[in-house]
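Reviewing the structure listed below.
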DNA sequence: CGAAAATTTGACATGACTCAACTGGAGTGG
DNA sequence: CCACTCCAGTTGAGTCATGTCAAATTTTCG
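Chains as they are written, first to last, in the working numbering: chain L, 1 to 191; chain W, 192 to 382.
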């Protein structure tokens, strides 16, 4: 079964016919490992659903340091949401960490679907609510947990991700240096 | 003009009649300074719109330290969103920092309104999108900026808030101790 | 096998924390 | 009007986690 159908119909009731209408607005694209599917300073009026592969979004600060914002694997949405939602130029890079197969949809087409299939706006709202709740939780964890605890939480929350991702990307996601992560990993092994 | 009408109609077109229907689902409540309008471990199937006053939401970690998540003044929504969206028990306290006048709406009534006034779901989605975009931005700032820069950004972004709020609440929002904030303020004065 | 990439280790610097003490202002009661 | 208390904010000293920079080691992959 199509991963996107599964994803949407796990949140709202969706007929096969309706899904056909939805899928018509999507474009299936393949990208190679290391390719950047979004670069900073672009108009980003589209977002992606991952059918296969692994990606990360990150931004580069003034010192040239990369900060990973999000990872995505099969069954996840990914995009430059600040840009997508506000219409401003992109600030993120989105990079394929593996060869990827993605479904791309333009914002205007996606929002047009709200009119044809109103309950799709409920799906969108539910997704946003979950995103906001999890971002809130992540913020809370950021303030509450030690770096070590954040790392342990990350690998226990996303065991599938951890195996597919370099440690320095995890470090960049946790907001620490690879050296610090290495020391934390060592201290966990010893204990 | 009613602040809530102004808020909604700045995002979507809204007739007076429709607003009457919406307002019927709200309850106006007054609270005193220092009152907690939400405490942890409650069911929170409602949220608030601020007509007057100043509030903050915060949680208490295992060490007993308070972490301020959000401030709200006139024209802002506030609630325990993780609890509201997920249906789980609350984790936040929401405290009145001044005497407050609030509009309360229950989740089920609010969502019922989506059926009567479908474009209200667009309003909800737009609010969520902005919330998510600003939370993303806040996360980015957290990783990019020094504590001093975060403080300077806070007071320049919310000059009205700063005057109404104790420094130790700002410190708690920035995730630092009041002592550290004091030292940062001193270093800014000297420079 | 050999080169490049990823990870680990060491030495030192730094920013924030903790804990304790002190300052200054607002409000209160004698 | 003064003494007292409370609260917010400031200051000082010592500690610790993480950063930086450089080098060594291990892993990956053509």
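Note that beta-carbon positions come from the ideal geometry of N, C-alpha and C, so glycine has one too.
* Relative to the alpha-carbon of residue 271 of chain W, which residue among W:253, W:296, W:238 and W:245 has its alpha-carbon at the smallest distance? -> W:238
* Asked: Can at least three beta-carbon pairs, one atom from the stretch 289 to 304 of chain W and one from the stretch 217 to 226 of chain W, be found at a separation below 8 Å?
  -> yes
* **Distance between residue 169 of chain L and residue 288 of chain W (C-alpha atoms, nearest Å)** => 41 Å
* Just the Cα atoms here: how many angstroms apart are residue 254 of chain W and residue 15 of chain L? -> 50 Å
* **Exposure of residue 309 of chain W, with buried meaning 16 or more beta-carbon neighbours within 10 Å** => exposed
* To do: Kindly give me the distance between the Cβ atoms of residue 180 of chain L and residue 147 of chain L, rounded to whole angstroms, as I take these residues to be in contact under 8 Å.
  => 7 Å
* Going by C-alpha distance, which of W:368, W:343 and W:280 is nearest residue 380 of chain W? -> W:343
* Asked: Among W:263, W:233, W:226 and W:250, which residue has its Cα nearest to the Cα of residue 241 of chain W?
  -> W:263
* Shortest alpha-carbon distance to residue 346 of chain W belongs to which of W:324, W:330 and W:376? -> W:376
* **Proximity to residue 21 of chain L [Cα-Cα], best of L:187, L:115, L:162 and L:133** => L:115
* **Closest residue to residue 246 of chain W among W:318, W:260, W:234 and W:198 (Cα-Cα distance)** => W:260
* Asked: Do the stretch 273 to 281 of chain W and the stretch 327 to 336 of chain W touch if we need at least three Cβ pairs shorter than 8 Å?
  -> no
* Asked: Counting contacts by CB-CB distance shorter than 7 Å, is residue 259 of chain W in contact with chain L?
  -> no
* Asked: Just how far apart, CA to CA, sit residue 128 of chain L and residue 43 of chain L?
  -> 21 Å
* If we cut at 7 Å on Cβ distances, does residue 277 of chain W have a partner in chain L? -> yes
* Residue-level contact to chain W via CB, residue 136 of chain L, 7 Å cutoff -> yes
* Asked: Terminal residues of the continuous beta strand (DSSP E) containing residue 46 of chain L?
  -> 46 to 52
* Of all the CB atoms in chain L, is at least one closer than 7 Å to the CB of residue 311 of chain W? -> no
* **7 Å CB neighbourhood of residue 209 of chain W in its chain, flanking five on each side removed** => 308
* To do: State the beta-bridge partners of residue 57 of chain L as determined by DSSP.
  => L:70 and L:94
* Do we get a CB-CB distance below 7 Å when we pair residue 61 of chain L with the residues of chain W? -> yes
* **Runs of alpha helix (DSSP H) lying entirely within the stretch 195 to 234 of chain W, each at least 4 residues, in chain order** => 207 to 215
* Using a Cβ cut-off of 7 Å (strictly closer), state whether residue 316 of chain W contacts chain L. => yes
* Asked: Which stretch, first to last residue, makes up the alpha helix (DSSP H) that contains residue 329 of chain W?
  -> 310 to 335
* Secondary structure of residue 293 of chain W, DSSP reduced to three states -> strand
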